């Protein structure tokens with residue numbers, strides 16, 4: 197049941213939110229809570245409204261009158277003498293009227309909506325945007341996870357398409373933005389109203405903003421039933437998960453090869469101490485076997501048996517720190533009860549459960565693997581994924597592109613071990629320098645958000661299902677303006693993480709993080725340098741689409757550029773690069789510009805096809821890459837990126853050598869400007885935790 201508007205406004209007034217002056221009118225027999233209903237012929241006394249300044253607004257309240265405008269429970273522009281007749285007409289049409297609120301009608305201004313709704317994954321979310329009739333028509337709103345900071349509040353307002361209305365538009369005066377920010381902080385900031393509400397839904401619409409401040413004209417509060425608080429858990433030591441002393445595989449067959457046998461082969465190839473679990477055999481596929489997990493002296497057990505048998509297997513895992521259930525057929529298949537039974541079995545055994553419905557762990561340092569083809573080099577890039585198949589693709593494609601992984605873990609349904617818990621541990625792991633996450637259902641979104649905000653590592657997020665029907669918010673109105681896509685955009689913006697939309701960009705951003713490490717930068721903006729006017733125009737479009745600014749060149753550099761034989765003067769800057777060109781020209785151009793105005797990022801692009809159109813010109817391409825590597829060495833506070841356009845035109849092995857030369861200098865290499873712009877946008881989103889001085 198909703199709280200009556202005048203009661204909500206009393207709460208607002210107590211918190212310091214301006215509301216219109218008003219009085220509550222009830223029938224002579226009306227109780228304090230507004231019951232019983234005012235009878236159709238009941239006597240109402242409006243003399244208490246005599247002290248209010250006209251024009252007046254009349255609003256009915258009562259059980260079920262939530263959306264008053266839609267119900268015809270609001271009349272504006274009244275004089276005091278008009279109130280009795282307007283009230284009589286209103287209650288003749290509306291059943292269940294418990295009373296009336298009479299208020300001074302607020303002066304015109306910019307109408308806004310400010311609300312809070314509880315998202316099912318991330319908890320209380322503050323919403324602000326254009327209000328009144330424009331709320332649903334334009335849906336021009338911005339979100340912030342509570343508690344928001346003042347910076348978050350200003351970011352929300354600045355992101356609105358209607359933001360120019362706040363600063364004076366076509367002759368209208370600017371509104372008091374500071375007062376509006378104060379309102380957002382009162383509702384959604386630290387210690388704000390959101391902490392005192394059982395959401396439900398809380399909405400102020402409209403809030404009228406003008407030059408002299410703001411006033412909450414309408415207010416609605418729909419409480420929800422209080423839920424049980426989530427049980428907290430200390431972060432486990434996940435080192436044995438990634439670097440186990442020995443591994444057990446449950447489910448391999450002596451007669452018919454299956455997934456268990458495949459994993460035995462992977463682990464045998466990796467050379468990790470290994471035992472099979474089989475109720476009858478002494479060995480399976482040449483691996484010593486024991487009858488149950490109770491007989492296995494291991495840190496990690498992989499279970500690949502039918503779902504119904506998994507709880508019984510896991511109950512025998514006492515003394516095994518981590519058990520991974522590869523099997524599917526649990527909550528994702530509509531069998532939530534079986535998944536609950538599995539979790540209870542893990543708790544009874546005192547083991548931590550990875551999965552179910554997941555592929556496992558990959559860690560070259562620990563000889564942990566769930567993919568064939570051998571282990572790649574150990575590195576500093578970690579990945580947490582709810583999809584085992586996608587994680588395998590990221591590993592194999594990423595290693596082809598030069599990524600080296602520290603820890604990769606798939607969590608599947610995340611019934612016990614969650615992405616948030618793993619992220620907290622990885623943030624303390626000395627082997628990890630950057631983290632990627634692929635998520636569909638974060639399980640505990642608020643816990644994940646807190647972990648993202650707490651880590652100093654650069655993080656990139658790829659989220660599946662953001663274009664679906666949206667999450668089931670608790671209420672229909674403010675909640676209807678919240679969606680999966682917008683929630684994740686807000687999470688990334690407030691937590692300082694990169695949010696990408698494809699697997700290729702996930703790999704690309706991780707490659708950027710790996711290449712540039714903890715390089716501190718100075719200056720801002722991006723400089724793009726390379727051949728072909730058309731390619732430069734398309735480069736500008738790519739960076740604009742990624743939301744990355746390309747600043748004009750400093751005016752005093754143009755004469756020096758002309759001395760170097762470069763006549764163009766824009767950014768992107770067209771510089772001749774090819775098989776007959778001077779390899780060191782681009783580094784000289786970069787130096788001339790950066791000496792005058794430091795750039796955070798420099799993107800050098802080259803048309804590989806041009807080097808091979810008239811014969812094999814690999815050596816000039818290598819010389820150009822080495823010259824670019826020298827430029828990176830000379831500019832330790834600038835991040836240099838190389839784009840090898842049309843790289844497929846090079847003979848086999850050429851691109852690999854270009855990548856090797858660039859990687860030795862800490863330069864990431866991309867095949868397209870779109871991939872490079874997405875990577876740089878991701879690094880910028882990572883903000884202070886990644887390279888900004």
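Numbering (our numbering), first residue to last: 197 to 889.
Heads up, the beta-carbon is just placed ideally off N, CA and C, and yes, glycines get one too.
Quantities reported herein were computed from a predicted structural model and do not represent experimental measurements.
Here residue 865 is not near residue 824, since their CB atoms are 8 Å or more apart.
By the criterion of a C-beta distance shorter than 8 Å, residue 857 is surrounded in its chain by 818, 821, 822, 825, once the five residues flanking it on both sides are discounted. With contacts defined by Cβ atoms closer than 8 Å, residue 548 and residue 578 do not form a contacting pair. Each of 834, 881, 471 was checked against the Cα of residue 723, and the nearest Cα belongs to 834. Among the bridge pairs identified by DSSP, residue 769 is matched with 725. Restricting attention to 809, 848, 735, 720, the CA atom closest to the CA of residue 883 is found in 720. Burial check for residue 832: the Cβ neighbour count within 10 Å stays below 16, so the residue is exposed. Residue 617 is positioned such that its CB atom lies closer than 8 Å to that of residue 432. Across the set 411, 588, 345, the C-alpha of 345 shows the shortest separation from the C-alpha of residue 381. Distance check between residue 693 and each of 746, 633, 255 places 633 closest, using alpha-carbon atoms only.
If only uninterrupted beta strand (DSSP E) runs of at least 3 residues are considered, those enclosed by the stretch 302-371 are 306-315, 319-326, 337-341. Using a Cβ distance threshold of 8 Å, residue 310 and residue 341 do not count as a contacting pair. Per DSSP, the unbroken alpha helix (DSSP H) holding residue 457 starts and ends at 455-466. With contacts defined by Cβ atoms closer than 8 Å, residue 404 and residue 295 do not form a contacting pair.
The DSSP assignment places complete alpha helix (DSSP H) segments of no fewer than 4 residues inside the stretch 623-654 at 641-650, in order along the chain. If you look at residue 294, you'll find it isn't in any alpha helix (DSSP H); DSSP assigns it neither H nor E.
Beta bridge pairing from DSSP links residue 581 with 606, 634. A distance below 8 Å separates the beta carbons of residue 498 and residue 445. Relative to the Cα of residue 217, the nearest Cα in the group 372, 199, 246 belongs to 246. Pairwise C-beta distances place the stretch 842-854 in contact with the stretch 797-809, as three or more of them are shorter than 8 Å.
By the Cβ-count criterion, residue 479 is exposed, with fewer than 16 other Cβ atoms from all chains shown falling within 10 Å of its own Cβ. Fully enclosed beta strand (DSSP E) runs of no fewer than 3 residues occupy 470-473, 483-486, 496-499, 518-521 of the stretch 450-536, in order along the chain.
The three-state secondary structure of residue 816, taken from DSSP, is helix. Cβ atoms of residue 630 and residue 859 stay farther apart than 8 Å, at about 15 Å.
Leaving aside the five residues that flank residue 495 on each side, the residues in its chain whose CB is nearer than 8 Å to its CB run, in chain order, 436, 437, 440, 441, 442, 443, 516, 517, 518. With respect to residue 608, residue 559 sits apart: the two C-beta atoms are not nearer than 8 Å.
Per DSSP, the unbroken beta strand (DSSP E) holding residue 406 starts and ends at 395-406. Contact fails between the stretch 353-371 and the stretch 381-399, because fewer than three Cβ pairs, one in each stretch, are under 8 Å apart. Exposure of residue 303 is indicated by the presence of fewer than 16 other C-beta atoms within 10 angstroms of its C-beta. For the options 508, 202, 772, 610, the alpha carbon positioned closest to that of residue 638 is the one of 610. DSSP, reduced to helix, strand and coil, places residue 845 within a helical segment of the structure shown.
With a contact defined as Cβ atoms closer than 8 Å, residue 401 and residue 337 miss out at about 11 Å. The C-beta distance from residue 267 to residue 261 rounds to 6 Å, short enough to meet the 8 Å contact threshold. Between residue 727 and residue 770, the gap from beta carbon to beta carbon is short of 8 Å.
Rounded to the nearest angstrom, the gap between the Cα atoms of residue 787 and residue 827 is 8 Å. For residue 198, the closest of 277, 415, 493 by C-alpha to C-alpha distance is 415.
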